[in-house]
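Residue numbers (my numbering), protein chains in the order written: chain Z, 529 to 1332; chain S, 73 to 299.
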Amino acid sequence: MLRHNFAAALRQLWRNRAATLLNLIGLAIGLGCFVFADGTASDLSGRGAAAAYRNVFLMVERQTGGASAPDNPGTSVLLAPALRAELPAGYRVARMMAPFMGKTAVRADNTKLFMQVSYADADLPRMFALPGASPDALAEPFSLVLSKAAATRLFGAGPAIGRTLAINGIDATVTAVIVPPPAPSPFRSMTGDFDILASWDIFEKTNAGLVNPSNPNNWFDFYASTYVAPPPGGGQSAADLDARLAGFGDRHIPKSSNSAIFLATPGYSMLSTGANMAVRTDITGIPASTILDVLGIMILATAAANYINLATAQVLARAREVRIRRIIGATATDLLRQHAIETSVIIAGACILLALLAALLLPLAGVLLGGNLRVIAADRLFWLHLGLAVLLTAFIAGIYPALLFASLPATGPVQGRRSYSWVRSALTGLQFASAAILLIFVLVANQQNRALKQAGFSSGSDPVVAIESDPGSSMGSFRAALRAIPEVRSVGAAQYTPWGAGESWDQVRRDLPGAQPITNTIVAVNEDYFPTMGIKLLAGRELSPLHGGDGPPPADGSIATHVINVMIDRELAGNLGWQNPADAIGQPLYMPDTGPMRIVGVTESRPTSVVVFGSRGGLYWLDPGLSRVTLVRIDGAHISAALAQIDAAWDAAAPLAPEKREFIDDIFASAYQYFTGFTLIVSTLVALALLVALAGLAGMALEVARSRQREVAIRKMVGASTWDAARLLLWQFARPLLIANLVAWPLAFAVTQGYRSLFTVHAPASFWPFLAALCGTLAIAGLTVAGETWRTARLSPAEVLRAE
Amino acid sequence: MITLSGLHKRYRTRELETTALNDVSLAVGKGEFVAVMGVSGCGKSTLLNIIGMIDRPDAGSYQFDHIEVTSLTEAARARLRRDRLGYIFQNFNLLEELSVFANVELPLLYRRVPKDERRRRVREVLELVGLQARARHRPGQLSGGQQQRVAVARAVVTDPELILADEPTGNLDSANGEDVMQMLQTLHEQGATIVMVTHSPSHAARAGRIIAMRDGLIVPNNTLEVV
């Protein structure tokens, strides 16, 4: 019987070759998109890497009370010592900090470079295997593990182990050289590729002026990834660890020292993650991996809907076959099995087609995923997802047509044809609703990219150059030398590089009962920051060392008696309730762990980060010492001369340190590139989703043309022209598309609003992406079905009726 | 009204070629009631399809009211069909998904007749065929005779000059068949030109002229071979 069913399936598929091909292509694309999306999700989340480290837990920080925020996979650098004090012997605790504020100055003999330096506790190599390095590679003070590529750049072909490097001027010894961590490895997904893994004491010495471990108020200053590994064989779960750490936040994390003045600050608790590795979250709190999985499922669902549509249409055309089978003894179960085998053959064919395509496109996939295919392949969850996707698709796509097939009557007409027509229209609508949402999203994302680009490249004819220095280094003489250069217009400074990595956030509130805290960026600047960056003053005055109250907050963080003068931007002023900037001047503000502040000036809003990260405005305070990034506006007519003199000034001020100089327009371009890349990926998925939907529509066109030939012939007999018939058929396809777009618009609006709100610069909301998506889907769908529609509309009525 | 000269029509399949009409010439005057008889496959339905402008001859001339139809475009022929012809078929050829009212209304829609006028006209013809109470029913809910009456109503709703009927009683019992023939008779008396294909000598006898066909040719002098 199985052989008969299989042969019948092949015959049926061959007989309807066009529909079979469309189904194969649609399902292969759908499965392929799911594989790509889930593979990328696997890569982002490090699931594959996590598989090898099931007994290592990452600590996350969860706010309790106050405003809710996503769990923070970064935890205070003070967490690890506190955990060691609490946890029993046998537990390993290790911190690992991603490259701090971009690259770090490294010097080996006469070679000066900026390199990616991560800092880690001695226990880290004991918890995570580093092939080529012993578990004690970081046990000695001031020790380093180099990647092979970094060793070559620093020392050439010679041996590196035992050699000395200066990290931020601190001498350290190379104890191991490793090849890039093989997959699966947490290092690839957590920190990006690294050049140097340095022992933690180097970080502490570098930041001695900034981090005082004995000062509990430094709890919130620096964050790292903190790992905990229970003793082997202990069978501890994340829940067990969480139970041990109950109340940890109350015991170790200080309440605000200004609690007598401020409202209660949110408390914190420490939790271990249920998974081994933190999932990278985007700023919505929704893991990027989840977003990608949803996209992949949407496209796969579209392909499944296609199949249901075409298979249902073919079932209805097989009523005579079913009658004969039933007359000769087939039961409903026999018919169900027969159709299920047909569906299985199609699904298997789609998987084979996908495998062939994957083999062809694997190198490209490897490039897109950063060579991490092995990581993904090691992720058991990825294969589980894939298996489930294939099985569920086969079941969901096949069950309705199979039940329909088995329910066709042995005699009499097929009942309820109109309801099948509604089902098919609904499925077509569902596909196009999904495609419409994605298409609208891509159009809005492109709009957003253009708005970002306009905002980013706005330094005018006189470009601004950013020069980074090491934290704590004095740049006074360097900046004085810069000011003496004739081609230099002005010299400002900031804590962070505009558009670069690194930013601080805090929550500020007004001195009003019930005032809600507003999350804001907070930047230390020097007195020339605003004119250098071309930021206009709207009210009040600019910060200046000539004013006594303009200066950094006290270093010990204790309750301050003197007021810190600050400037805020228009956006923060508005969010705090001052629509007129002048109304904010002289007003007090409060922030946790900082003394009271007073607003002395309000500027125009000029974001220097691409993404909002929840920030609703900027706050500036005067601290030239903390402003480690020198910003130089140079004469646009003498750029080369200006740069040469800047370089000379740097060499004179810091002969041993490499210079990191970049135009902020270039920095923006790098930051912006991520979003163009992201939009490109989503655009590709959208194009594939549309392709799948259109493949289904083409199949529908074939089936509709076949089923409505008689009707067209009759209509033409009673006076319909070819155009009348064509319009009738086109409307059958256009109607579900129109409804689909209208249904999709509210969801698309919500999604695009959410996306736009991520950015500091918003593209203005407009209706045209929605209209463009509607017209685009109608036009493309029209072109897809035009051929078959016109062919049917032109049929000679006599031929059709004669054939009857 | 109708002048056919030297019509030829062949049908070709992969295996063979069939001559449906072989040098057929015929004239039908305005107001005539003509019956066409012959055995199955003699070409009578093909002849009717050509007269009805839903098929084209391979050769020959067809003039409808002095208009050379063979040189018209499909759009022009569609307009003529819409405005001046009505069809009745053996298997009714109603649209299953439309109600009786909508089926009858269809030709008026294609003529862009205003809504009120359409409704009035449809109600009139439904009353004429005795089916006004079934206006909301679908064809599947009617008997064969009722369906054919709907088809008749659809054929006459535009007041056509020429009514073509291809075996209009072929699927009906004698009583219903008689009803349909009576309707055709009435329409003829009201001035319609009717060309009817039929197997039934008794029904053919109601026509004013009988044309016999055999092997794609018109048999001269109406020599009929009783089938």
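For each residue, glycine too, the CB sits at the ideal point set by N, CA and C.
Small disclaimer: the values here were computed from a predicted structure and weren't measured.
Below 7 Å on C-beta distance, what does serine 1249(Z) contact in chain S? Ala147 and Ala150
Along chain Z, which residues have their Cβ under 8 Å away from the Cβ of arginine 153(S)? Going along chain Z in sequence order, the residues near arginine 153(S) (Cβ under 8 Å) are Lys1244, Met1245, Val1246 and Gly1247.
Does the beta carbon of glutamate 1316(Z) sit closer than 9 Å to a beta carbon anywhere in chain S? no
Just to confirm the assignment, what range does the alpha helix (DSSP H) spanning tyrosine 1024(Z) have? Careful: tyrosine 1024(Z) lies outside any alpha helix (DSSP H) and carries neither H nor E.
Short of 8 Å in beta carbon distance, which residues of its chain neighbour threonine 692(Z), apart from the five on each side in sequence? Order them along the chain. Ala636, Asp699, Ala700, Thr701 and Val702
Express the C-alpha separation of phenylalanine 1058(Z) and glutamate 1070(Z) in angstroms, rounding to a whole number. 8 Å
Work out the CA separation of methionine 587(Z) and tyrosine 619(Z) for me, nearest whole Å. The alpha-carbon separation between tyrosine 619(Z) and methionine 587(Z) amounts to approximately 14 Å.
Determine the DSSP secondary structure at leucine 932(Z), reduced to helix, strand or coil. In the structure shown, leucine 932(Z) sits in a helix (DSSP, three-state: H, G or I).
Is there contact between the segment 76 to 86 of chain S and the segment 1307 to 1324 of chain Z, where contact requires at least three CB pairs shorter than 8 Å? no
List the residues of chain Z whose Cβ lies closer than 7 Å to the Cβ of asparagine 121(S), in chain order. Ordered by position in chain Z, the residues that pass the 7 Å Cβ test against asparagine 121(S) are Ala1326.
Using a cut-off of 7 Å between C-beta atoms, extract the partners of isoleucine 1252(Z) located in chain S. Residue identity check: residue 1252(Z) is aspartate in the sequence provided, not isoleucine. Near aspartate 1252(Z) (Cβ distances below 7 Å), the residues of chain S are Tyr182.
Hey, could you find the ends of the alpha helix (DSSP H) tyrosine 182(S) is sitting in? Where tyrosine 182(S) is concerned, the enclosing alpha helix (DSSP H) stretches over 172 to 182.
Kindly list the residues whose CB is nearer than 6 Å to the CB of alanine 994(Z), restricted to its own chain and excluding five residues on each side of it in sequence; keep chain order. Thr1025, Val1157, Leu1159, Glu1190 and Ile1192
Can you pull the chain Z neighbours of aspartate 127(S), defined as C-beta to C-beta under 9 Å? What aspartate 127(S) touches in chain Z: Ser1324, Pro1325, Ala1326, Glu1327 and Arg1330.
Do phenylalanine 960(Z) and leucine 1265(Z) come within 9 Å of each other at the CB atom, strictly closer than that value? yes
Considering only the alpha carbon of each residue, which of Thr270(S), Gly158(S) and Phe173(S) lies closest to aspartate 231(S)? Gly158(S)
Beta-carbon proximity list for threonine 840(Z), same chain, < 8 Å, skipping 5 on both sides: Result list for threonine 840(Z): Tyr928, Pro929, Leu932, Tyr948, Val951 and Arg952, in chain order.
May I have the straight-line CA-CA distance separating alanine 1253(Z) from asparagine 121(S), to the nearest angstrom? So the two alpha carbons sit approximately 19 Å from each other.
Interface residues of chain S around glutamate 1231(Z) at Cβ under 7 Å? Per Cβ cutoff of 7 Å: no residues; glutamate 1231(Z) is ~16 Å from chain S at best.
Whole-number beta carbon distance between proline 1325(Z) and alanine 1241(Z), since they are thought to touch under 8 Å: 4 Å
So is tryptophan 1106(Z) buried or exposed if we call it buried at 16+ other beta carbons inside 10 Å? buried
Would you mind stating whether arginine 1161(Z) and serine 1133(Z) have Cβ atoms separated by less than 9 Å? no
Please determine if the segment 1172 to 1188 of chain Z and the segment 1124 to 1133 of chain Z are in contact, where contact requires at least 3 C-beta pairs separated by less than 8 Å. Contact between the segment 1172 to 1188 of chain Z and the segment 1124 to 1133 of chain Z is absent: fewer than three C-beta pairs spanning the two stretches fall below 8 Å.
For valine 222(S) versus leucine 214(S), is the C-beta distance shorter than 9 Å? yes
Can you list, in chain order, the residues of the segment 155 to 171 of chain S whose Cβ is nearer than 9 Å to any Cβ on chain Z? So the close ones are Asp155, Leu157, Gly158, Tyr159, Phe161, Asn163, Asn165, Leu166, Leu167, Glu168 and Glu169.
Cβ shell of serine 962(Z) (< 6 Å), same chain only, five flanking positions each side left out: Cβ within range, chain order: Met826 and Thr830.
Could you name the residues that DSSP lists as bridge partners for tryptophan 1149(Z)? Ala1052(Z) and Val1094(Z)
Of all Cβ atoms in chain Z, is any one closer than 9 Å to the Cβ of serine 117(S)? yes
DSSP three-state call for tryptophan 1106(Z): helix, strand or coil? coil
Look at the alpha carbon of alanine 886(Z) and the alpha carbon of glutamine 976(Z), and state the distance between them as a whole number of angstroms. 32 Å
Going straight from the alpha carbon of proline 1014(Z) to that of glutamine 1023(Z), what length do you get? 25 Å
Should tryptophan 1033(Z) and isoleucine 1092(Z) be called a contact, given that it needs their Cβ atoms to be closer than 9 Å? no
Over what stretch of residues does the beta strand (DSSP E) that includes histidine 80(S) continue unbroken? It spans 74 to 84 - the beta strand (DSSP E) in which histidine 80(S) sits, taken as one unbroken run.
Looking at the C-beta of arginine 848(Z), does it have a partner C-beta in chain C at a distance below 9 Å? Of the protein chains in the structure, Z and S, none is chain C.
Check distances from the C-beta atoms of the segment 224 to 250 of chain S to those of chain Z and list, in chain order, the residues that come in under 7 Å. Under the 7 Å Cβ criterion, the segment 224 to 250 of chain S contributes Arg226.
Express the C-alpha separation of leucine 1256(Z) and isoleucine 160(S) in angstroms, rounding to a whole number. 23 Å
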